[in-house]
Every structure is written in structure tokens, then in C-alpha cells.
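For the protein sequence lines, the chains are A and B, in the order given.
Start counting at 1 in the first sequence, then tack on 862, and there's your number in the numbering used here.
Start counting at 1 in the second sequence, then tack on 4, and there's your number in the numbering used here.
Every residue gets a Cβ at the ideal spot worked out from N, C-alpha and C, and that includes glycine.
Here the structure is a predicted model, which is why all the values come from computation and not from measurement.
Have a look at the structure below, then the notes.
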Amino acid sequence: MPDTLEWQTGTFLKEVERRSGTPVSACFQCHKCSTGCPIAPEMDRLSSQVMRMIHLGQEQPLLESESIWLCASCEACTTRCPMQIDIAAVMDSLRMMAVEAKALLPNARGEQFNRSFLQSVSRNGRVFELGMMVAYKLRSRDFFADAEKTGQMLAKGKLSLLPKKSGNAKAVADVFRRAEEEEKKR
Amino acid sequence: MKYAFFPGCSLESTGWDFALSTRAVCRALGIELVEIPEWVCCGSTPAHTTNASLSVALPVMNLQKAKEIGLPVLTACASCYARLRTANHTVLNDPEERGRAERITGKPYDGKVEVRHLLDVLVNDLGVAAVREKVRRSLKGMKVACYYGCLLTRPPNIVAFDNAEHPSCMDQLLTAIGAEPIEWPFKTECCGASLSITNSGIVNRLSYRLLSMARQAGAECLAVACPLCESNLDLRQADATKAHGPIPATPVLYITQLLGLALGLSNSDVGLEALSVTAEPLLAGIEA
């Protein structure tokens, strides 16, 4: 009798389970995660649909979906899943797999923001907001969004013009380099 | 009571008033904070969605420093709190990940430095009775919606000091200083966090939903304990109401700002000038 679930022989489900460390195959489609998801109205695939697509091995449409980049990591789904599936961790794994697969990123702004943020941390040991925002705007070409907020934030002392470097910035740069290497060995 | 303080990046920039009021409240309550020397960013959401090894190694660098000074860690930012706790949980339960973190940081770490949130310390170590005794200016009658957001109580196997679906630590503290926390259903609903940068329309929708529900439930202001919640509900309030409909201007204060005022500190002691929606009309009714 042929296997009905890909995980018995499979690749995608098995790989997602390995990377996220959580039993995606235990999902029985109760949709509790989707019901409580704050971003559900904007998602092209609800979180319960994401679980099902993993079961069915629909790798490409999933890695190209907008949903994986819209998840706010609020952990409501993870907290409420009756099968203890760490759904937020699955979303993290899918993002990493999408970047590795160079999947067409329909909402690349999430990935551009991540890169800008982490680049700032690797240089300064801490986030330098203004520098991070400039890097993000250059990547996303999203120049006009929130331009007036920047002035408001500067006036209220919420943004500084220069980075507040950690004295440990050099060690952080080394940690970034070694973390990249470790990640490749996984 | 003495703790290794981890401020985190936001408390040096967008949330400087959270840092100022946290330090002032701790001083007033006899809690000593020693800033972790040369602390580094916890990596926040960009790290855990990009590189799992990095998301453990960055918090571990700070926990190793705290271990050197021999103090439990205290943090006020909900996101830093969740990241530091998650790193401990990972190192304690997964020998492979522990090995990875130790190789990356070049130092041993056993996952055993205690990480506490400020609210946990105030409610469970100091106790609300001790706070009540020090009140010099009761916030009598102030109707506050306590907004806990996501990461203060989630996921509950990692951050376990309050109930995940119906937390009460902020309500208890506000009751102790004379305020009247209201009952409302969105205590732990998400504000959209850093989607404010990449998809501000989503954050406008979520902020509007939170603010209008708080108002419907009878609140005049919100209390928060996360720099992203504050900025999404306060700085973006004008955008949210412009996009979705009018709501009376609703001040969004850090709980430490409200506590500080009740302990007799001045508006500038707790950084009220940093708020976009002014709290002045709200405080006009409170006796000096």
C-alpha cells in the first residue's frame, strides 16, 4: 500500500521537522492556529494550511508564499496548538529554507529588513536604528514610508545620529562569522 | 535585591523613556541594577528567523557576562526577555545546540543563569504590598487597559511567570498604586511588532483594533512593557486612526512610567516627554 503521507519516505516534511524540531506531521487540521492568528486577514496561506501543505510536500508554492514573511512571531499559534507543534518555529525554518533555495520572495521586505538589522548588529554589537533604516530603505526602495516619523523620533530623542557601539563589537563580528559556518554544517 | 541589568538596544533608542523609568522605579524600590558590561544585541526576531545558531549565541554572550559578575539577569524589554530565556532553554535541553553555542562564543555555558523580567521581580520577589507601601501619589480612579502583548507570556513553557492567556501581573501592580485596571479581551493580542517597518498597514489595523477595544472597555490609557508595543500604539496612533476611524487620543505609557509617578517621581524623571500622545490631560485629574 502506498504511503499517504510523504514523511514516511519523504523529503520536505521530514526536512521541515528536522530543522524546526517539532512534529508537523501531528497536525490534524483543527485550525486553532489560524483562528487566533493576528495576521490571518493578510495571509495568502493560513498557518493551518501551511501545515497541510508541508504534509503534501508542496514545497515550491509554500516557499514562495507571502505568509511565511508576514508571520509576526507572536507565538499565539505555538501556545495554543493542541498537538504542541511549535508553529512559529516552523515559520522560522520555512524562511531560512526559502532564502537558501533562493525562492522567489513575494514579500522580500521581510528578508531585507532582517539583513539590514543583522548587518547593523554585526558591525556595532547593537542595533544602530538610523543606519539600519537607511540600509533597509536602500534595499527595499521603500523611501517614502514613514519619512515624517524619522523627524518626529529624532525630535524626541528616540533615534541617535551615531551608533552606540558595544565594547564587544569585535567579538560579535567573530560570532556572526562562526554562526554562519555552524549553520552551514547543520 | 541586586540584578545584572540587560537594557537591550531599544531601551537605548526608541524606548529610552522605558530605560529611564525602569532605573528610577528600581532605585525608588531598593532594587539595585548593575548593567551587564559591554552587553550586545539579543538578535531579536531577525536572528531567530535567519540563523538558528546566531539566535542562541548572541543571548549566550550576555549570559556568560552575567555569570562572570555572579548575578541573576533582569530585563525590561519583552523581546530581549523571551530571547534570553529561549537561549537558556535551548542550551539546557539540547546538548548539540549547547556545543554549537560554546564553539561559536568560544566559552563554556551551562544555561543556568537565571533570567527574570522586571514585572516578575516586582510581583513575585518584592511583592505588590511593598509597592503599595511606597505610594506617594495614588493614581486613584485612572482606568488603564493592561496590554501584555506577545512575548511577556509566550511561549508558556519558556516564559512562565504569569498566565499565558489571562496574565495579571500588571493589573496587580496598577491596583496597588490606586489605578483601576479594566477587564478587556485583548491583553495578549499581537500589535504586529516589527511589521511596522515592512508592512505598516498591518500594524495600523492591529493598533486600531487594540486601541478601539481598550476604549470600548472603558480605558483612558494603556500600560505596556515592550518598546515595540509602545511605539506601534503611540507613535503610530495617528496613522492607525487616520486609516481606520476616529478614536479619542489615548496615551500609551510604560508601566514603569505609571509606577514612577505613583512613587512620587516627576514627569521628567520617568520621561513622559517622549510620548507622542501626551499624557497631560490624563494626569491633570490626579492629585499632586
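Contacts around B:T18, its chain only, beta-carbon distance under 7 angstroms, and the 5 residues preceding and following it disregarded: P231 and S235.
Cβ-based contacts, 7 angstroms cut-off: residues of the segment 159 to 191 of chain B near chain A: Hits within the stretch, in order: P159, P160 and A168.
If you draw a straight line from the alpha carbon of B:C150 to that of B:L33, how long is it in whole angstroms? Straight-line Cα distance between these residues: approximately 21 angstroms.
Is B:F22 closer than 8 angstroms to B:Y258 when the C-beta atoms are compared? Result yes, Cβ atoms of B:Y258 and B:F22 sit closer than 8 angstroms.
Do you know how far the Cα of B:K138 is from the Cα of A:F874? Those two C-alpha atoms are separated by around 58 angstroms.
If B:P255 and B:L286 are in contact, beta carbons under 8 angstroms, what's the gap, nearest whole angstrom? B:P255 to B:L286, Cβ: 5 angstroms. Contact.
Rounded C-beta distance between A:V989 and B:C45? I'm assuming under 8 angstroms. The pair is a contact, with the Cβ atoms about 6 angstroms apart (cut-off 8 angstroms).
Here's the rule: buried if 16 or more other CB atoms are within 10 angstroms of the residue's CB, otherwise exposed. What is A:D865? Reliability fails at A:D865, whose pLDDT of 47 lies under 50, so the model's placement of it is uncertain and the value that follows must be treated cautiously. That one is exposed.
On a CA-only basis, which of B:E284, B:S198 and B:L126 is nearest B:R27? Give me that one, please. The option with the nearest alpha carbon to B:R27 is B:L126.
Residue from A:A951, A:R1040, A:V961 and A:K1046 with nearest C-alpha to B:L62: Among A:A951, A:R1040, A:V961 and A:K1046, the Cα nearest to that of B:L62 belongs to A:R1040.
Would you give the residue range spanned by the beta strand (DSSP E) that B:F10 belongs to? K6 to F10 is the extent of the beta strand (DSSP E) around B:F10.
Nearest-angstrom Cα separation, counted from A:Q981 out to A:E868: Residue placement at A:E868 cannot be trusted, given a pLDDT of 47 that sits under 50; the coordinates are not used to answer.
At a Cβ cut of 8 angstroms, what residues of the segment 41 to 53 of chain B count as close to chain A, listed as they run along the chain? Hits within the stretch, in order: P41, E42, W43, V44, C45, G47, S48, T49, P50, A51, H52 and T53.
Inter-residue spacing [alpha-carbon to alpha-carbon] between A:E937 and A:E879: A straight-line Cα-Cα distance of about 18 angstroms links A:E937 and A:E879.
With 8 angstroms as the threshold, decide whether the Cβ of B:N55 is near any Cβ in chain A. Cβ-Cβ to chain A under 8 angstroms: yes for B:N55.
Best match in A:S984, A:A965, A:L1023 and A:L956 for proximity to B:T53 [C-alpha to C-alpha]: Considering only alpha carbons, the answer is A:L956.
I need the DSSP call for B:C45, collapsed to helix, strand or coil. B:C45 falls in the coil class under three-state DSSP.
Can you tell me where the alpha helix (DSSP H) with A:L918 in it begins and where it stops? It is not in any alpha helix (DSSP H) - A:L918 carries neither H nor E in the DSSP assignment.
Can you tell me which of the three DSSP states B:L257 falls into? In the three-state reduction of the DSSP assignment, B:L257 falls in the strand class.
Suppose only complete runs of 4+ residues qualify. What are the alpha helix (DSSP H) ranges in the segment 165 to 208 of chain B, listed by chain order? Runs of the alpha helix (DSSP H) inside the segment 165 to 208 of chain B: 173 to 180 and 199 to 202.
Which residues in chain A have a C-beta closer than 8 angstroms to the C-beta of B:L15? List them in chain order. The contacting residues do not exist; B:L15 stays about 11 angstroms from chain A at best.
Could you check whether B:G47 and B:S59 sit closer than 8 angstroms to each other, using their CB atoms as the reference points? Between B:S59 and B:G47, the C-beta gap is smaller than 8 angstroms, which places the two residues in contact.
Could you spell out where the alpha helix (DSSP H) holding A:V1060 opens and where it closes? Missing from the structure shown is residue 1060 of chain A; chain A here goes from 863 to 1048 and no further.
With the cut-off set at 8 angstroms, would you say B:L237 and B:L215 are in Cβ contact? With contacts defined as CB atoms closer than 8 angstroms, B:L237 and B:L215 qualify as a contacting pair.
B:L210 touches chain A at which residues, Cβ-Cβ below 7 angstroms? By Cβ distance, chain A contributes P900.
Please go through the same chain and pick out, in chain order, the residues whose beta-carbon is closer than 8 angstroms to the beta-carbon of B:A168, but skip the five residues on each side of it. Annotation for B:A168: T157, R158, P159, P160 and T192 place their beta carbon closer than 8 angstroms to its own, counting only its chain and skipping 5 residues before and after.
Identify whether A:L925 lies in helix, strand or coil by the three-state DSSP scheme. Helix at A:L925.
Cβ of A:A1035 less than 8 angstroms from any chain B Cβ? Not one chain B Cβ lies under 8 angstroms of A:A1035.
Going by beta carbon distance, what residues of the same chain come within less than 6 angstroms of B:T260, once the five residues before and after it are set aside? Excluding residues within five positions, the ones whose Cβ falls inside 6 angstroms are S25, T26 and V29.
Counting beta carbon pairs with one atom in the segment 926 to 946 of chain A and one in the segment 894 to 904 of chain A, are three or more of them shorter than 8 angstroms? Yes, the segment 894 to 904 of chain A touches the segment 926 to 946 of chain A.
Quick one: residues in its chain with C-beta nearer than 6 angstroms to the C-beta of B:Q68, no 5 flanking neighbours on either side, listed in chain order? K111 and Y113, listed in sequence order.
Go ahead and label B:T245 buried or exposed: buried means 16 or more other beta carbons lie within 10 angstroms of its beta carbon, across all protein chains shown. Per the 10 Å Cβ criterion, buried.
Measure the beta-carbon distance from B:W188 to B:A229 and round it to whole angstroms, keeping in mind my assumption that it falls under 8 angstroms. Contact doesn't hold; Cβ gap of about 16 angstroms is too wide.
Helix or strand or just coil, what does DSSP make of B:K3? Nothing can be reported for residue 3 of chain B, as the shown portion of chain B is limited to 5 through 292.
C-beta contact flag for A:A951 and A:S882 at 8 angstroms: A contact, by the Cβ cut-off of 8 angstroms.
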